[in-house]
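Trainee: Protein chains in written order, with our numbering: chain D, 39 to 175; chain A, 39 to 175.
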DNA sequence: CCTAATGTCTCTAGGAGCTATAGGTTCAAG
DNA sequence: CTTGAACCTATAGCTCCTAGAGACATTAGG
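#1: Taking its Cβ as the centre, do 16 or more other Cβ atoms sit within 10 Å of residue 145(A), making it buried, or is it exposed?
#2: Would you kindly work out how many angstroms separate the C-alpha atoms of residue 132(D) and residue 76(D), rounded to a whole number?
#3: Can you tell me whether residue 138(A) is buried or exposed? The criterion is at least 16 other CB atoms within 10 Å of its CB, across all chains shown.
#4: With a Cβ-Cβ cutoff of 8 Å, do residue 79(D) and residue 87(D) count as a contact?
#5: Can residue 107(A) and residue 94(A) be called in contact, C-beta distance under 8 Å?
#6: Cβ closer than 7 Å: which chain A residues qualify as neighbours of residue 135(D)?
#7: Consult DSSP for residue 74(A) and reduce its assignment to one of helix, strand or coil.
#8: Does the beta-carbon of residue 92(A) have 16 or more other beta-carbons within 10 angstroms, so that it is buried, or is it exposed?
#9: Please say whether residue 124(A) and residue 140(D) have beta carbons closer to each other than 8 Å?
#10: For residue 79(A), does the three-state DSSP call read helix, strand or coil?
#11: Might you give, ordered along the chain, the residues of its own chain that have their beta carbon closer than 7 Å to the beta carbon of residue 53(D), omitting 5 neighbours on each side?
#12: Where do the ends of the alpha helix (DSSP H) carrying residue 64(D) lie?
#13: Please decide whether residue 45(D) counts as near chain A, where near means a Cβ-Cβ distance under 8 Å.
#14: Please list, in chain order, the chain D residues whose beta carbon lies closer than 8 Å to that of residue 128(A).
#15: Please confirm whether residue 55(D) has its beta-carbon closer than 8 Å to some beta-carbon of chain A.
#16: Evaluate residue 122(D) with the Cβ neighbour count: other Cβ atoms within 10 Å of its Cβ, from every protein chain shown; 16 or more gives buried, anything less gives exposed.
#17: For the putative contact between residue 47(A) and residue 85(A), defined by C-beta atoms under 8 Å, what is the C-beta separation to the nearest angstrom?
#18: Step through the CB atoms of chain A and report whether any lies within less than 8 Å of the CB of residue 98(D).
#19: Along chain A, which residues have their Cβ under 7 Å away from the Cβ of residue 142(D)?
#20: In angstroms with no decimal places, state the Cα-to-Cα distance between residue 74(D) and residue 147(A).
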């Protein structure tokens, strides 16, 4: 027993209610059973699955990645190389993102301290953003 | 002289052709003059503006932020406090993003090295993603 | 037991920032 | 001159939700 309404499921999983319905709509979550009054009732397995999705989303996996991972988890006889490669591929893009955000951070730091004058004319924000060597010849 | 077709502008700015047309459509880039045959012809100023936009997008600014910054750059008599505050506000969110990506990175590192066995049954990727303490009571 | 508040239902539209497609015109190279 | 690439417009689609309207269900208080 121990059935959860969608609201409670949302509270426990950290997803929002419409998001859960959306996941059902796109087939990421199975349609759960309904109460007499047609309200969705979820079991513990649904909570686990949703928590998995939520966590993976937080980690930046796309819904497609997640679909793959979930399919893998349902077929434990398959090689885990696939799951591993999804994670690895993801790690690469995360590292790239961190790198470019670091560059951004230092640029913004410069900007935020560069502003000494009080008109844009002498302010460096604009010119810094205007672009340094991004122009290809 | 030295007019650029949209394709060349795309190549030099790093934006894609449809993206440039999209920016025109939403009023971020002005409609440029046209050739006899109705093709867009851009000047150097357009290239600079687009490079600015591109760079700012790479840095994670929203199109709305960029619109603000561009407006500021067109009115050098205004205070640069506004430009500064946009940058500052952004710096905060950038730092948060870096933080959470670092956490993500280390989590993914664990995952990517955890896979020693060759069937999912014994693979930790799935179970690691399944979620640790995210479940609220 | 009744009522009011809250939760849930479906359906539809919007939003950010593009990207893709279709069906046609124009341009530059050979 | 002819081909093929690049360009044009217009429209639809993409990802991942989020918000709103209008109606039914459930629950807590009095």
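Glycine residues also receive a C-beta, built at the ideal position from the N, C-alpha and C atoms.
Mentor: Once the coordinates are examined:
#1: buried
#2: 42 Å
#3: exposed
#4: no
#5: yes
#6: 139
#7: coil
#8: buried
#9: no
#10: strand
#11: 88, 92
#12: Note, residue 64(D): premise wrong, no alpha helix (DSSP H); not H, not E.
#13: no
#14: 146
#15: no
#16: buried
#17: 6 Å
#18: yes
#19: 97, 98, 132
#20: 47 Å
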